[in-house]
Amino acid sequence: MKQHNFSRIMLWAGLAFIYLPMVIMVIYSFNASKLVTVWGGWSLKWYFGLLKNTQLINSVLRSLEIACYTAIAAVALGTLAAFVLTRVPRFRGRTLFGGMVTAPLVMPEVITGLSLLLLFVAMAQLVGWPAERGMLTIWIAHTTFCSAYVAIVVSARLRELDLSIEEAAMDLGARPWKVFFLITIPMIAPSLAAGGMMSFALSLDDLVLASFVAGPGSTTLPMEVFSAVRLGVKPEINAIASLILLSVSLFTFFSWYFMARAEKRRKAEIAHMQQMQSVLDSH
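Residue numbers for the sequence shown follow this note's numbering, beginning at 13 and rising by one.
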């Protein structure tokens, strides 16, 4: 009984440690006072004030655009790398390839950012591309970083798959590309969604890489917030952070809901295919 109470206390303490700062930030986003640490009553003026802060709004839109592009590219590249690592057991340089895929996970972001900056500068001098650093270079840097996370997540899911399901589909006459899109992709869809959301969050949150490879006019939200915080936290920062927190929470909830429904439907389809395979084996 005592151990059960201790576990419950630790659980609530952990949840409070994670979520209490977010709750405080949301509450102070309604603070009427210009001083963030002094409560001056409830007000929505900082939310309405965001409409006039075009610099902050532009940085938010820029960060969201980069994060969306990063999530799409990282899922595509990470999934390809995961298939190579799990479905191709032997090829020359496999160990080196696996190490290069996972290297961004353990390499300090400062080193990665500096390396990418030197790469972009050298390419601009040699081939004239990129002509200037901006959203494109930030997107490339974020994709390079996030693809490793997607590769790890998707690889774990691919290793758990029952290959007999794909073999059963091919025994029924399905071509490999049809098996890939209609059988394999739906089965790994939760890991693809998890990798995509992780890439989106990492890109939206990144400060170090963007600081190295960004150029004039390509300031992201973390860079804008970091610059503002050095002079003191502004109430508009709390307001925009609260709106992003709300948007991400709603997106996560609906993603979880639809993935749960898709997973239930997928299990039903797998059970049906296994039943058909058992019928074929009996004949």
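Think of the CB as a built atom: it goes at the ideal place given N, C-alpha and C, for glycine as much as any other residue. Only a predicted model underlies this, so the values are computations on that prediction, with no experimental measurement involved.
Bridge-paired residues (DSSP) for residue i
i	result
Asn43	Trp54
Proximal residues to residue i (C-beta, below 8 Å), its chain only, five neighbours per side dropped
i	result
Leu126	Phe224
Gly110	Leu97
Glu77	Met147
Ala251	Ser41, Trp58, Tyr59, Gly61 and Leu62
Cutoff 7 Å; reference residue i; Cβ partners in own chain excluding five residues on either side
i	result
Glu121	Val220 and Leu221
Contacts around residue i, its chain only, beta-carbon distance under 6 Å, and the 5 residues preceding and following it disregarded
i	result
Leu216	Ser75 and Ala79
Leu89	Ser159
Ala86	Thr155, Cys158, Ser159, Val162 and Ser211
Ala298	It is not possible to answer for residue 298, since the shown part of the chain is limited to 13 through 295.
Leu214	Cys158
Coil, strand or helix - residue i by DSSP
i	result
Asp218	coil
Val245	coil
Asp183	helix
Ser260	It should be pointed out that residue 260 corresponds to Val in this sequence rather than to Ser. Here Val260 sits in helix by DSSP.
Thr231	coil
Thr49	coil
Val139	coil
Phe18	helix
Val133	helix
Phe270	helix
Asn65	coil
Phe103	coil
Pro120	coil
Glu281	helix
Gly26	helix
Next on the checklist: When you compare the stretch 52 to 62 with the stretch 35 to 42, are there three or more beta-carbon pairs, one atom per stretch, that lie closer than 8 Å?
Outcome noted: Contact check between the stretch 52 to 62 and the stretch 35 to 42: three or more CB pairs, one atom from each, fall below 8 Å, which counts as touching.
Next on the checklist: Can you confirm whether the stretch 197 to 206 touches the stretch 160 to 170 when touching is taken to mean that 3 or more C-beta pairs between the two stretches lie within less than 8 Å?
Outcome noted: Because the criterion of three Cβ pairs below 8 Å is met, the stretch 160 to 170 and the stretch 197 to 206 touch.
Checklist entry - Can at least three beta-carbon pairs, one atom from the stretch 271 to 286 and one from the stretch 99 to 106, be found at a separation below 8 Å? => result no
Next on the checklist: Does the stretch 150 to 168 come into contact with the stretch 225 to 232, if we say contact requires no fewer than three beta-carbon pairs (one atom in each stretch) closer than 8 Å?
Outcome noted: Yes, the stretch 150 to 168 is in contact with the stretch 225 to 232.
Next on the checklist: Give the list of continuous alpha helix (DSSP H) stretches no shorter than 4 residues that lie fully inside the stretch 151 to 201.
Outcome noted: 175 to 183 and 188 to 191
Checklist entry - When the Cβ atoms of the stretch 63 to 70 are set against those of the stretch 257 to 275, are three or more pairs found closer than 8 Å? => result no
Checklist entry - Counting Cβ pairs closer than 8 Å, one from the stretch 133 to 143 and one from the stretch 237 to 256, do we hit at least three? => result They do not touch, by the three-pair rule.
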